[in-house]
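**Q** With the UniProt record's numbering, you'll find the sequence shown wraps up at 390, consecutive numbering, no jumps.
We put the beta carbon where it would ideally sit given N, CA and C, even for glycine.
What follows is a structure written as structure tokens; I'll ask about it next.
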Amino acid sequence: MLLLSYQVIVLLSLLVFTGILLFNLAELHSLPDSSDDSGDRPFVSVLVPARNEEHVIEACVLSLLAQDYPRYEVVVLDDSSEDRTLEILRRLEASSGSRLRIVQGEPLPEGWHGKAWACRQLGDLGSGELLLFTDADTLHKPAVISRSVAALYASKADMLTLTPYQEMGGFLEKLVIPLVYFILMCYLPLRFVRTSPKSVFCSAIGQFMLFRREIYRNIGGHHAVKTAIVEDVWLCREVKKAGGRVAVYNGVDALSCRMYRSPGEIIRGFSKNLFAGLGYRSLGLFALVVLTLAFHVLPYGFLSAALLLGDFSASLFFLPLLQIATALLCRLLIAGRFHQPAGFALLHALSQLALVAIALNSFAITRFGKGPQWKGRHYKFAGRRKEDNG
1 MLLLSYQVIV LLSLLVFTGI LLFNLAELHS LPDSSDDSGD RPFVSVLVPA
51 RNEEHVIEAC VLSLLAQDYP RYEVVVLDDS SEDRTLEILR RLEASSGSRL
101 RIVQGEPLPE GWHGKAWACR QLGDLGSGEL LLFTDADTLH KPAVISRSVA
151 ALYASKADML TLTPYQEMGG FLEKLVIPLV YFILMCYLPL RFVRTSPKSV
201 FCSAIGQFML FRREIYRNIG GHHAVKTAIV EDVWLCREVK KAGGRVAVYN
251 GVDALSCRMY RSPGEIIRGF SKNLFAGLGY RSLGLFALVV LTLAFHVLPY
301 GFLSAALLLG DFSASLFFLP LLQIATALLC RLLIAGRFHQ PAGFALLHAL
351 SQLALVAIAL NSFAITRFGK GPQWKGRHYK FAGRRKEDNG
């Protein structure tokens, strides 16, 4: 009886996640087409922090310079790169006219994380009515600025973020990266991000964040999140705390990004963000591990045991089978919307096991090691940080 109750609770939870997903699929709209060809549209400052991006920075900058938007500038800040990033940027600047501006960043001061410091400097340099922060590993379709500005004003938002198309190459990329959108779409009601004033309902993807200048200044810019590793989500929280509105749009047809290019980068990148994203709360991390195993891995164990024992009872066979089918349905729906490889959705349990392993690694290196390492910098744990606030 106890096992049956457990299986029913797991199935009902998965059905709730499915319901959230279905509502989110209806809520997450594509960017509108921009039909305004007038020259009085707001000036946009496109702000790109770059550190050790020699393999991607040229393609990113060229895609930004090819925008059809009439009034914008591109400012790229080299954040003490140790490769050829600055050399490539100087070459592009020399051949691109006045629209592109290259800046060498100031040394990283105490009490700041690297990306937040780079973006703080960019925020001060940008002269636009709108400030667009985007990553150096992104590629932009020619109309993405026009469409995003139209969406910002149509939604009366103060901050707009997009869900890019995530390019994936290797096996581990295709196994792990789709979980970013699985977590976003199944666990967070996006309607509340748009309509609720509560800062707990927040979503932001740092690969593309468009702000009205006033709200960015009102929250203190990136100074408000200077020690936050997941600064994008905490910027969203600051915007909502200041009374601003946040809009999330599907950007798979307007923007692409390849987050990581090797298994090592995937592990380091997610390990940097995962424990920090949970506010450095050990209880939260271990709850994530236990619930991930219960919802997405143990059903396969129960089903295997049922087949081995020849026990086709509801608690050992039919309910776990429904749990697996429900989770796979969610993955396939997400794969369809975000153009992910559908075959890897069938490896959902393996994806979740990888997430558990990365979560435990994130906890271990943050609490007991030198801290996560990214692009030559270590992020040491020092008790409560920005992620704990609010």
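What does the Cβ neighbour count give for residue 78, buried or exposed, with the cut at 16 atoms within 10 Å?
**A** Under this definition residue 78 is a buried residue.
**Q** Does residue 385 pass the burial test, meaning 16 or more other C-beta atoms within 10 Å, or should it be called exposed?
**A** For residue 385, the predicted model reports a pLDDT of 47, less than 50, meaning its position is unreliable; a value from the coordinates is still stated below. Counting Cβ neighbours within 10 Å, residue 385 comes out buried, since at least 16 surround it.
**Q** Report the residue from 171, 121, 173, 247 whose alpha carbon sits nearest the alpha carbon of residue 24.
**A** Nearest of 171, 121, 173, 247 to residue 24, Cα basis: 247.
**Q** If you reduce the DSSP assignment to three classes, tell me which class residue 186 lands in.
**A** Reduced to three states, the DSSP call for residue 186 is helix.
**Q** Output the residue ranges of the beta strand (DSSP E) runs that lie fully inside the segment 66–137 and measure 3 residues or longer, sorted by chain position.
**A** For the segment 66–137, whole beta strand (DSSP E) runs of length 3 or above, ordered along the chain, are 72–78, 100–104, 130–134.
**Q** Which of the three DSSP states, helix, strand or coil, is assigned to residue 227?
**A** Reduced to three states, the DSSP call for residue 227 is coil.
**Q** How about residue 240 and residue 112: are their beta carbons less than 7 Å apart?
**A** No; because the gap between Cβ atoms is not below 7 Å, this pair is not in contact.
**Q** Below 8 Å, how does it come out for the segment 10–24 and the segment 41–49: are there three or more Cβ pairs, yes or no?
**A** Flag = no, the segment 10–24 and the segment 41–49 do not touch.
**Q** Under 7 Å between C-beta atoms, does residue 271 make it to chain B?
**A** You won't find chain B in this structure, because it holds only one protein chain.
**Q** So what's residue 384 in DSSP terms, helix, strand or just coil?
**A** With a pLDDT of only 44 at residue 384, under the threshold of 50, the placement of this residue in the model should not be trusted; the figure read from the coordinates follows. Coil, per DSSP.
**Q** Assess contact between the segment 146–163 and the segment 297–304, defined as three or more Cβ pairs (one per stretch) separated by less than 8 Å. Is contact present?
**A** With the cut-off at 8 Å, the segment 146–163 and the segment 297–304 do not touch.
**Q** What number of angstroms, rounded off, separates the C-alpha of residue 257 from the C-alpha of residue 379?
**A** Distance between the alpha carbons of residue 257 and residue 379: 24 Å.
**Q** Out of 255, 280, 86, which has the shortest C-alpha to C-alpha gap to residue 164?
**A** It is 255 whose Cα lies nearest to the Cα of residue 164.
**Q** Answer with buried or exposed for residue 160, where buried requires no fewer than 16 other C-beta atoms within 10 angstroms of its C-beta.
**A** So residue 160 ends up on the buried side.
**Q** Label residue 296 either buried or exposed according to how many other C-beta atoms from any shown protein chain fall within 10 Å of its C-beta, with 16 as the threshold for buried.
**A** So residue 296 counts as buried.
**Q** Consult DSSP for residue 250 and reduce its assignment to one of helix, strand or coil.
**A** Strand at residue 250.
**Q** Measure how close the beta-carbons of residue 158 and residue 245 come, nearest whole angstrom, since I'm counting them as under 8 Å.
**A** Indeed they touch by this definition, with Cβ atoms about 5 Å apart.
**Q** In terms of alpha-carbon separation, which member of 364, 345, 282 lies closest to residue 174?
**A** Of 364, 345, 282, the residue nearest in Cα terms is 345.
**Q** Using only CA atoms, which one of 309, 249, 361 lies nearest to residue 32?
**A** The residue with the shortest Cα to Cα distance from residue 32 is 249.
**Q** Ordered along the chain, which non-local residues of its own chain (more than five positions away) have a Cβ less than 8 Å from that of residue 156?
**A** Excluding residues within five positions, the ones whose Cβ falls inside 8 Å are 245.
**Q** Might you give, ordered along the chain, the residues of its own chain that have their beta carbon closer than 6 Å to the beta carbon of residue 101, omitting 5 neighbours on each side?
**A** The residues are 75.
**Q** Classify residue 280 as helix, strand or coil using the three-state DSSP reduction.
**A** Coil at residue 280, not helix or strand.
**Q** Would you kindly work out how many angstroms separate the C-alpha atoms of residue 330 and residue 66, rounded to a whole number?
**A** C-alpha separation (whole angstroms): 36 Å.
**Q** Please list the terminal residues of the continuous beta strand (DSSP E) segment that includes residue 31.
**A** Premise fails: residue 31 is in no beta strand (DSSP E) and is neither H nor E.
**Q** Give a yes or no on whether the C-beta atoms belonging to residue 358 and residue 270 are separated by under 7 Å.
**A** Taking 7 Å as the Cβ cut-off, residue 358 and residue 270 qualify as a contacting pair.
**Q** In whole angstroms, what separates the C-alpha of residue 242 from that of residue 315?
**A** Rounded to the nearest angstrom, the two C-alpha atoms are 49 Å apart.
**Q** When we look at the beta-carbon of residue 204 and count the other beta-carbons within 10 Å, is it buried (16 or more) or exposed?
**A** With 16 or more Cβ atoms within 10 Å of its Cβ, residue 204 is classed as buried.
**Q** Since residue 48 is in the beta strand (DSSP E), which residue starts that stretch and which ends it?
**A** First-last of the beta strand (DSSP E) with residue 48: 44–50.
**Q** Pick from 105, 96, 97, 281: whose alpha carbon is nearest that of residue 86?
**A** Residue 86 has its Cα closest to that of 105, out of 105, 96, 97, 281.
**Q** Quick one: any contact between the segment 122–139 and the segment 210–218, if contact means 3 or more CB pairs under 8 Å?
**A** Yes: at least three Cβ pairs fall under 8 Å.
**Q** I'd like the list of long-range same chain contacts for residue 69, defined as Cβ closer than 6 Å, with 5 residues on each side in sequence excluded.
**A** The answer, listed in chain order, is 145, 146.
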